[in-house]
Amino acid sequence: MRKMKAAVIGLGSWGECHLEAFRSLPQVEIAAICDNREDRLHEMGEKYGVVRRYTNYEQLMEQTDIDLVNVATFEKGHLRPTLLALQSGKHVLVEKPITTDVTEAHEMYRVAQQCGKQVIPGHLLRFDPRYAELKSAIQNGRLGQIASLFFKRSRQQSLFATYSRTHTVYELTVHDLDLAVWYTGSRVKSVRAFAQHLSGSAAPESLWANLTFENGMFAVLHSNWLTPDKAGVEIFDSVEVSGSEGIAHFETSNAGLQLWNQEGSLSKEFFIHHQRNGHTYGALRDQLDYIANCVLSGAGFEYVSFADAVHGIEIADAIVKSAESGQDIFL
Ligand SMILES: NC(=O)c1ccc[n+]([C@@H]2O[C@H](COP(=O)([O-])OP(=O)(O)OC[C@H]3O[C@@H](n4cnc5c(N)ncnc54)[C@H](O)[C@@H]3O)[C@@H](O)[C@H]2O)c1
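Going by the UniProt record's numbering, the sequence shown opens with residue 1, and the numbers climb by one from there.
Next comes the structure, spelled out in structure tokens:
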């Protein structure tokens, strides 16, 4: 069986999840890895048995046998490795946010088309069965005519120390922007947003945005870094879609195992990426499985949309501008 040869650039916490998920797929070989932290590079190389290791991704791009490069570096550093990979004949899976700059998003799209290669956004929630089932319900008309959508994304306070390096709209809300565009099947017409900078950080701890879509639908999005760590809730997200024939909703924190003991409580997330008895489960693995099958068969990719991801960055940009100016922003 021919295997898809994958390379991972950026071996932080999420890059390692990619290594775990890739390793679990029989049709994938992890051909090369890259991180500019040499100790981390070799630690990951030893752990996952990868021989070709680079501290400079330009050298990795010279490898002609690699089918797909996964860019999982810092949020603001995705453009250059993405363009180089496309220009050296590789498909690219670029982590969310694909970028934090609208011009860069358009550039990625243009270069991918020019090179005849796929650039795939890391919007893995399309592969989470809960979000995917909701999309099917909307598509099949089971909720009737959709009127409005609500998305909430809440993360533990301690994570803000690391991820305030990027504006909250790009770090958290961008997931929901992709879902909102996917669910409504429409572009956004106008945005009004509100941000709370509780500690004076450039990234807000709490962000609200109202979106009006060209097809008349309406969405409210809320992202925050305010879940108390002691609550033990890894992911505190929710969605609600209301239509003329019904409502669909879920909330993640009470949908799985609740473990309460003398140390406190733990509400663990199982849907995104999870390992048990040497097996890997979750949306990340399903996303990589889908991509590998598309690369190997040369077909598909319809389930993901870089154009939607680019529009997501356009909306994110408008959200930042609206929160800063206190004005409605028209796209
Ligand atoms: N889809 C999801 O649910 C999800 C979850 C977590 C993170 N992410 C995204 O994944 C990306 C990485 O996040 P993370 O949490 O792993 O960050 P991280 O800080 O843990 O890791 C980033 C890694 O990239 C390396 N790096 C940075 N610049 C580099 C360069 N020029 N060359 C080589 N290596 C370089 C760093 O040394 C580090 O090891 C971000 O875009 C983040 O938003 C997505």
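Ideal Cβ placement from N, Cα and C applies to all residues, glycine included.
Extent of the continuous alpha helix (DSSP H) run through residue i
i: F160; result: F160 to Y163
i: Q113; result: V102 to C115
i: A7; result: Unbroken run through A7 is the beta strand (DSSP E), M4 to I9; no alpha helix (DSSP H).
i: P121; result: First-last for P121: V119 to G122, but that is the beta strand (DSSP E), not the alpha helix (DSSP H).
i: V295; result: A283 to S297
i: T227; result: From DSSP, T227 is part of no alpha helix (DSSP H) but of the beta strand (DSSP E) over F218 to T227.
i: Y57; result: Y57 to M61
i: T82; result: L79 to Q87
i: F22; result: S13 to R23
i: L134; result: P129 to Q139
Contact set for residue i: own chain, Cβ-Cβ below 8 Å, skip 5 residues either direction
i: L41; result: L11, I33, C34, D35, R53, Y54 and T55
i: Y109; result: V119, F306, A307 and V310
i: L84; result: Y57, E58 and M61
i: G185; result: N215
i: F218; result: A147, S148, L149, N210, L211 and T212
i: L159; result: W225
i: C115; result: L86, Q87 and G89
i: D328; result: S190, V191, R192 and S322
i: F270; result: G256, L257, Y281 and G282
i: M1; result: P26 and Q27
i: E107; result: L79 and L83
i: W14; result: A72 and E95
6 Å Cβ shell around residue i - same chain, five flanking residues per side excluded
i: I319; result: V169, V191, A193 and A209
i: E240; result: F150 and H249
i: V188; result: L211, F213, I315 and L331
i: L198; result: E205
i: D65; result: K5
i: H175; result: L125
i: D223; result: Before going further, note that residue 223 is Ser rather than Asp in the sequence given. The answer, listed in chain order, is R153, T168, L172, T173 and L207.
i: G246; result: L143
i: residue 385; result: In the structure displayed, the chain extends from 1 to 331; residue 385 sits before or after that span and is not available.
i: L221; result: F151, T173, D176 and A209
i: A195; result: P204, L207 and A323
i: V111; result: L83 and L86
Residue i, buried or exposed, once every other Cβ within 10 Å from all chains shown has been counted against 16
i: S154; result: buried
i: A316; result: buried
i: L207; result: buried
i: K117; result: buried
i: Y122; result: The sequence shown places Gly at residue 122, rather than the Tyr named in the question. So G122 counts as buried.
i: E104; result: buried
i: D39; result: exposed
i: A299; result: exposed
i: T162; result: exposed
i: W182; result: buried
i: residue 335; result: What the structure shows of the chain is the stretch from 1 to 331, and residue 335 is not part of that stretch, so it cannot be assessed.
i: E133; result: exposed
i: G200; result: exposed
i: I98; result: buried
i: L257; result: exposed
i: G45; result: buried
i: N70; result: buried
i: Q47; result: Correcting the residue type first, residue 47 is Lys in the shown sequence and not Gln. Exposed, by the Cβ-count rule.
i: F74; result: exposed
i: P129; result: exposed
i: E263; result: exposed
Boundaries (first-last residue) of the beta strand (DSSP E) holding residue i
i: L172; result: Taken as a continuous stretch (DSSP letters only), L172 belongs to no beta strand (DSSP E), as it is neither H nor E.
i: E95; result: H91 to E95
i: I146; result: I146 to Q156
i: S186; result: Run containing S186: none; DSSP gives neither H nor E here.
i: Q258; result: Q258 to N261
i: V320; result: Unbroken run through V320 is the alpha helix (DSSP H), F306 to S325; no beta strand (DSSP E).
i: Y48; result: That residue, Y48, is in no beta strand (DSSP E); its alpha helix (DSSP H) goes E38 to Y48.
i: E214; result: Where E214 is concerned, there is no enclosing beta strand (DSSP E), given that its DSSP letter is neither H nor E.
i: residue 388; result: Outside the displayed range of the chain (1 to 331) lies residue 388, so it cannot be described from this structure.
i: R276; result: H274 to R276
i: S267; result: G264 to S267
i: R53; result: R52 to Y54
i: V251; result: According to the sequence shown, residue 251 is Glu rather than Val. Segment I247 to E251, the beta strand (DSSP E) holding E251.
i: I30; result: V28 to C34
Beta-carbon contacts of residue i that lie in its chain and below 7 Å, excluding the five residues immediately before and after
i: D286; result: F127
i: L266; result: G232 and L259
i: I138; result: I146, Y183 and V241
i: K3; result: Q27, V28 and E29
i: D237; result: K152, R153, S154 and T252
i: Y281; result: H274
i: V102; result: I313, E314 and D317
i: Q157; result: W225, L226, T227, P228 and D229
i: V295; result: M4, D67, L68 and H91
i: S164; result: S201 and A203
Check: residue i C-beta below 7 Å from any heavy atom of ligand 2
i: F194; result: Ligand 2 is not part of the structure shown, which contains ligand 1 as its ligands.
Between the stretch 12-26 and the stretch 280-297, can you find at least three pairs of beta-carbon atoms closer than 8 Å?
yes
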